[in-house]
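So the structure is just underneath, and the comments pick up after that.
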Amino acid sequence: MNYTPGTTAANNASPQARPEATPCNIFDPTAHCHRIEGGDAALLFSALYLVAIGSAGIKASLPVHCADQFDDTDPKEAVQMSSFFNWLLLSLCVGGAISLTLLVWVQNNKGWDKGFAVSTGSMFLAFVVFLVGVPWYRIPVVGGKNALLEIGQVYVAAFRNRKLILPGNPEELYEISRMKGSAEAEEFVPHRDQFRSDLMYLSCVYQTCTQVSGQSGNPSTNGSSCRRRRQPTAASVEVLPGDASGAREDGAGMLPIFGCAIFMSTCLAQLQTFSIQQGTTMDTRILADHVKLPPATLPIIPISFMIIIIPLYDRVFVPFARRITGHRTGITYLQRIGVGLVLSCLSMATAALVETKRKKVAESHGMLDAIPVLQPLPISCLWLSLQYFIFGIADMFTYVGLLEFFYSQAPTPLKSVSISFLWCSMSVGYFLSTILVQVVNAATKNNTRSGGWLHGNNINRNHLNLFYWLLCVLSFLNFLNYLFWANWYKYRPQDKDDPSEDEKA
Numbered sequence: 001m002n003y004t005p006g007t008t009a010a011n012n013a014s015p016q017a018r019p020e021a022t023p024c025n026i027f028d029p030t031a032h033c034h035r036i037e038g039g040d041a042a043l044l045f046s047a048l049y050l051v052a053i054g055s056a057g058i059k060a061s062l063p064v065h066c067a068d069q070f071d072d073t074d075p076k077e078a079v080q081m082s083s084f085f086n087w088l089l090l091s092l093c094v095g096g097a098i099s100l101t102l103l104v105w106v107q108n109n110k111g112w113d114k115g116f117a118v119s120t121g122s123m124f125l126a127f128v129v130f131l132v133g134v135p136w137y138r139i140p141v142v143g144g145k146n147a148l149l150e151i152g153q154v155y156v157a158a159f160r161n162r163k164l165i166l167p168g169n170p171e172e173l174y175e176i177s178r179m180k181g182s183a184e185a186e187e188f189v190p191h192r193d194q195f196r197s198d199l200m201y202l203s204c205v206y207q208t209c210t211q212v213s214g215q216s217g218n219p220s221t222n223g224s225s226c227r228r229r230r231q232p233t234a235a236s237v238e239v240l241p242g243d244a245s246g247a248r249e250d251g252a253g254m255l256p257i258f259g260c261a262i263f264m265s266t267c268l269a270q271l272q273t274f275s276i277q278q279g280t281t282m283d284t285r286i287l288a289d290h291v292k293l294p295p296a297t298l299p300i301i302p303i304s305f306m307i308i309i310i311p312l313y314d315r316v317f318v319p320f321a322r323r324i325t326g327h328r329t330g331i332t333y334l335q336r337i338g339v340g341l342v343l344s345c346l347s348m349a350t351a352a353l354v355e356t357k358r359k360k361v362a363e364s365h366g367m368l369d370a371i372p373v374l375q376p377l378p379i380s381c382l383w384l385s386l387q388y389f390i391f392g393i394a395d396m397f398t399y400v401g402l403l404e405f406f407y408s409q410a411p412t413p414l415k416s417v418s419i420s421f422l423w424c425s426m427s428v429g430y431f432l433s434t435i436l437v438q439v440v441n442a443a444t445k446n447n448t449r450s451g452g453w454l455h456g457n458n459i460n461r462n463h464l465n466l467f468y469w470l471l472c473v474l475s476f477l478n479f480l481n482y483l484f485w486a487n488w489y490k491y492r493p494q495d496k497d498d499p500s501e502d503e504k505a
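The sequence shown maps to residues 1 to 505 in full-length UniProt numbering.
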């Protein structure tokens, strides 16, 4: 999605920046491609960075804002909120389908500047629609202290009290009032045994104050000084995305789940990149000889599957599973994420088999050095739909599962930050994909004629099939790692619909 299409449209209006002005086929060794530079390059990169900034703001805030329109204490609205996350993904898929068909056609036939102009108009229309709904939005008021400041106070208190002893009675911890009528507008989070080593540092702040004050009828000077010190509560530790002590190897909170989601994004990045490169070498004709599928439109295949599958999942599978499990979302958040990780592993295995078949076709027809697009292999690009289909289902399970997990398990002040974990995992996964390609090429440069499994532009002579098998193995190991953390994680106690520990992934 493009959130700053105006700048990009202006950039593409420049004759030097428009692809039509400098036709180039990067797969053709005789082609001469000119590098963009100067003011055009500055305008291009400015547009790209504005896209990143705009995306960060919208992707972190939009899911939280929409989910806040539902009251999760109302059983009916809680079910509707779960469906909302499914429909949010569906809306993204519909938008992606439009961009991969209509916009690609406009860009290929009318020019990239006109294509981005359409994006500009679309975003302006979306902005107007958003403003129209302002009078009806529910805007929850978040009370209490600044959430990020409170996290910092937790780590400071942990270091300051690192040598003190955790009391056996949780009631001795420094905590907010559990009464609804409390003047402290903070969210109470019941204690979990996972975090007791973290709570040691905060509980001792409270215990030290009472001990010093209790030595006489009036608080001592030290006790008064301690009271004036801004103390984090035990609930503050319960919602930390990490371990306050820094000593435990297993981490805490949602951070391990966040880490396990990273590698799936790495697989997605590789699939998006290499599948398009594979498609440029294959026969893109569909529906006999009447319709050709441009390589840039190939991602429409998984998106089309998801547009069909998401409503079926929400309207058929979830009610059926709900009757069996009793859980309002059919299966738990962690189970849903786990299913997605398994399917991503199967998708990589399928991609490896499809690539093996594609290479055999190229070899058997003597077309290992054929120029992509101009000399397509006699194999349909629809073979790529197999890996796309499986990964599309995997993305549906994992994407929505992570959204629900990060939203439901985060405290109210940190919901936007928590939702950002999903997008951060995707960003880190894409960066990791680049590093992984470089590492693989460096490790295999002496074992292949091409100088590495993925080195060079001739995909027919590369070893993409072996790379996909590597991703399959790494995905399986990532899933095993996820199983450990999913069984270790304890749902927030106030989420009454969450299952017992033995029902998790």
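Ideal Cβ positions, reconstructed from N, Cα and C, are used throughout, including at glycine. What you are looking at is a predicted structure, and each value in this text was computed from that prediction instead of being measured.
When the Cα atoms are used, what is the spatial distance from R322 to L477? 30 Å
Environment of H455 [buried if 16+ CB atoms lie within 10 Å]: buried
Pick from Y313, P256 and P378 that is closest to residue 528, judged by C-alpha positions: No information on residue 528 is available, as it lies outside the stretch 1 to 505 that the chain covers here.
Which of the three DSSP states, helix, strand or coil, is assigned to V156? Looking at V156 - three-state DSSP - the assignment turns out to be helix.
Go to L470, then tell me how far its alpha helix (DSSP H) extends in each direction, as first and last residue. L464 to W488
Local Cβ density within 10 Å of G330, reported as buried at 16 or more and exposed below that: Buried.
Per DSSP, what are the beta-bridge partners of C292 in this structure? Sequence check: residue 292 is Lys here, not Cys. Answer is R285.
Considering only residues of the same chain and omitting the five flanking positions on each side of W469, which have a CB-CB separation below 8 Å? M348, A349 and A352
Coil, strand or helix - N222 by DSSP: Only weak support exists for where N222 lies, its pLDDT of 44 falling under 50; the value from the coordinates is given anyway. Of the three classes helix, strand and coil, the one that applies to N222 here is helix, per DSSP.
Report buried or exposed for G326, applying the criterion of at least 16 other Cβ atoms within 10 angstroms of its Cβ. exposed
Taking C-alpha atoms, which residue in E37, Y407 and I393 lies nearest to F84? Y407
I'd like the span of the alpha helix (DSSP H) that includes P311, first residue to last. I300 to L312
What residue range does the alpha helix (DSSP H) around F263 cover? L255 to G279
Could you give the DSSP three-state label for V122: helix, strand or coil? The question names Val, yet the displayed sequence has Ser at residue 122. Helix, per DSSP.
Just checking, does the region 385-395 make contact with the region 412-426 on the three C-beta pairs under 8 Å criterion? no
Using a Cβ-Cβ cutoff of less than 6 Å, which residues in the same chain neighbour T284 once the five nearest sequence positions on both sides are dropped? Excluding five sequence positions before and after T284, the CB atoms of its chain that fall closer than 6 Å to its own CB belong to K292, L293 and C381, given in chain order.
Look at the alpha carbon of V106 and the alpha carbon of G39, and state the distance between them as a whole number of angstroms. Those two C-alpha atoms are separated by around 25 Å.
Neighbourhood of F274 by C-beta, 7 Å cutoff - its chain only, sequence neighbours within 5 removed: L464
By a C-beta neighbour count over all protein chains shown, 10 Å radius and 16 as the cutoff for buried, is R229 buried or exposed? Any reading at R229 needs caution, since the residue's pLDDT is 49, under 50, leaving its predicted position unreliable; the model's value is listed next. Exposed is the call here.
Could you tell me the distance, in whole angstroms, from the CA atom of K180 to the CA atom of P311? Because the pLDDT of K180 is 44, which lies under 50, any placement of that residue in the model is unreliable, and the number read from its coordinates should be weighed accordingly. Using only the alpha carbons, I get a separation of about 39 Å.
What did DSSP end up calling S380 once you bin it into helix, strand or coil? If DSSP states are grouped into helix, strand and coil, S380 belongs with the strands.
Cut-off 6 Å between Cβ atoms - residues of its own chain near M306, not counting five sequence neighbours on either side: C93, G392 and M396
Measure how close the beta-carbons of V440 and W453 come, nearest whole angstrom, since I'm counting them as under 8 Å. 5 Å
Nearest to T448 by CA position, among I435, N462 and L436, is which residue? N462
May I ask you to report which of helix, strand or coil DSSP gives I459? coil
N- and C-terminal bounds of the alpha helix (DSSP H) containing T434: Element bounds for T434: K415 to T444.
Roughly how far, in whole angstroms, is the beta-carbon of P135 from the beta-carbon of T281, given that I think they are within contact range, below 8 Å? Incorrect: roughly 54 Å between the Cβ atoms, too far for contact.
Count the other C-beta atoms from every protein chain shown that fall within 10 angstroms of the C-beta of S119, then say buried if there are 16 or more, exposed otherwise. buried
For the alpha helix (DSSP H) containing G57, list its first residue and its last residue. G38 to A67
Residues in its own chain within less than 6 Å of I262 by CB, not counting five upstream and five downstream? S425, V428 and G429
Return the residue from the list I276, F484 and N458 that minimises the CA-CA distance to I371. N458
Whole angstroms are fine: how far does the CA of G366 sit from the CA of A486? 49 Å
May I ask you to report which of helix, strand or coil DSSP gives S450? coil
Close Cβ partners of K357 (< 8 Å) along its chain, the five nearest in sequence each way excluded: I379 and W383
Exposed unless 16 or more other CB atoms sit within 10 angstroms - verdict on A443: exposed
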